[in-house]
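641 is the number of the first residue of the sequence shown in our numbering; add one for each residue after it. Take a look at the structure set out below.
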Amino acid sequence: MSITEWFKAKNKYIPVEKSGTRLNIPDGIWSKCAACNEIIFQKEVVRNFKVCPKCNHHFKLTAEERVNLLLDDGSFVEFNGGMISNDPLDFEISKSYRVSLNQAQEISGLKEAIVTGEGKIDDRLIIFGVMDFRFIGGSMGSVVGEKVTRAIEKALEENLPLVLVCSSGGARMQEGMFSLMQMAKTSAAIARFKQKKNPYISILTNPTTGGVSASFATLADLIIAEPEALIGFAGPRVIEQTIKQKLPKGFQSAELMLKHGMIDLIVHRKDLKNTLSKLLNFLY
Ligand SMILES: [Zn+2]
641 MSITEWFKAK
651 NKYIPVEKSG
661 TRLNIPDGIW
671 SKCAACNEII
681 FQKEVVRNFK
691 VCPKCNHHFK
701 LTAEERVNLL
711 LDDGSFVEFN
721 GGMISNDPLD
731 FEISKSYRVS
741 LNQAQEISGL
751 KEAIVTGEGK
761 IDDRLIIFGV
771 MDFRFIGGSM
781 GSVVGEKVTR
791 AIEKALEENL
801 PLVLVCSSGG
811 ARMQEGMFSL
821 MQMAKTSAAI
831 ARFKQKKNPY
841 ISILTNPTTG
851 GVSASFATLA
861 DLIIAEPEAL
871 IGFAGPRVIE
881 QTIKQKLPKG
891 FQSAELMLKH
901 GMIDLIVHRK
911 DLKNTLSKLL
921 NFLY
């Protein structure tokens, strides 16, 4: 592409912001980074593991992208892929839970908010799970809790390391108590797993909050986070409304969690597989 063509293309795809109107940036070529507001070339973002080349903001990855990023090519075999959620409370507010589930399945192409299975990192077999935020905010209902528990039990049975990538808004309110009890169930399974001394590594991505952060996500032997990931229990908006105070900048960020000893490492996405490989080599 000549420089003249580039400018023509640039003018075509970079929209002019009018006050009060949302920027409408076409998918495919350019997009606007939500963190630094810079216009970025999408191909460059993809090449950069979906990290903003200007400000280092880590965009969310889908479960499939995360499998491709961390596991050896073609090594992933999914477990319990057909498991789908029930609607035990016949729940409905603005829309029914069944409709939310159907929409989430359509948007994500997944049956639930977590994908679990086995795969290899540099030829080492591990049990692996990855949450997908597109599926009702990565919320943990009974299927997510059950799949996490089965993954833990499989790692225990097969004597393998466990790696879980978390991304969640918390427990799934549409399942009420059924969802809350998954915190106890997954935590108990982790306690059994730890008796065998195999490593469990969790990776907290943006955001990891609520019932997931208060259970299996933070019970790992090693807790890694991606840069600037929001990690906490209640979200900052809820806390601000409750205490009626403005929270300091960087509150609940991975960096603050590291400073206070709540997590062990912050790793840039491009180094994640290599770091996991080294850690597993050391621990297992
Ligand atoms: Zn940026």
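Where is the CB? At the ideal position from N, CA and C, for every residue including glycine.
- Query: Taking one C-beta from the stretch 833 to 844 and one from the stretch 859 to 879 each time, how about it: are there three or more such pairs within less than 8 Å?
  - Reply: yes
- Item | When Gln-892, Ala-869, Pro-867, Glu-868 are compared against Ile-879, the one with the closest alpha-carbon | Gln-892
- Give every residue whose Cβ lies closer than 5 Å to any heavy atom of ligand 1, listed in chain order. Cys-673, Ala-675, Cys-676, Cys-692, Lys-694, Cys-695, His-697
- Message: By alpha-carbon positions, which one of Val-803, Thr-882, Gln-745, Met-723 ends up nearest to Glu-758?
- Response: Val-803
- Query: Can at least three beta-carbon pairs, one atom from the stretch 761 to 770 and one from the stretch 791 to 806, be found at a separation below 8 Å?
  - Reply: yes
- Item | Own chain partners of Tyr-924 with C-beta closer than 6 Å, once the 5 adjacent residues on each side are dropped | Pro-801, Pro-839
- Cβ atoms of Glu-752 and Val-784: under 8 Å apart, would you say? yes
- Message: Quick test of the definition: if touching needs 3 or more C-beta pairs under 8 Å, does the stretch 844 to 854 touch the stretch 807 to 818?
- Response: yes
- Can you tell which of Met-813, Phe-856, Val-707, His-908 has the C-alpha that lies nearest to the C-alpha of Glu-732? Met-813
- Message: Please report the straight-line C-alpha distance between Asn-688 and Glu-895, rounded to a whole angstrom.
- Response: 21 Å
- Query: In its own chain, which residues sit with a C-beta less than 6 Å from the C-beta of Ile-724, not counting the 5 before and 5 after it?
  - Reply: Lys-751
- Task: Note down, in chain order, each residue of its chain lying with its Cβ closer than 6 Å to the Cβ of Phe-869, except the 5 sequence neighbours on either side.
- Result: At residue 869 the sequence reads Ala, which differs from the Phe that was named. Within the same chain, Ala-869 has close Cβ partners Leu-844, Thr-845, Asn-846, Ala-894.
- Message: Using a Cβ-Cβ cutoff of less than 7 Å, which residues in the same chain neighbour Pro-867 once the five nearest sequence positions on both sides are dropped?
- Response: Asn-696, His-698, Ala-894, Ile-906, His-908
- Query: Taking C-alpha atoms, which residue in Glu-684, Cys-692, Leu-729 lies nearest to Cys-676?
  - Reply: Cys-692
- Give the DSSP-derived three-state secondary structure of Lys-760 in the structure shown. strand
- Item | Distance between Gly-816 and Asp-713 (C-alpha atoms, nearest Å) | 39 Å
- Item | Local conformation of Met-780 per DSSP, three classes | strand
- Residue span of the beta strand (DSSP E) that contains Ala-865, given as start and end: 862 to 865
- Looking at the unbroken alpha helix (DSSP H) that takes in Asn-708, where does it start and where does it end? 703 to 710
- Message: Would Ala-854 and Met-823 be called neighbours here (beta carbons separated by less than 8 Å)?
- Response: yes
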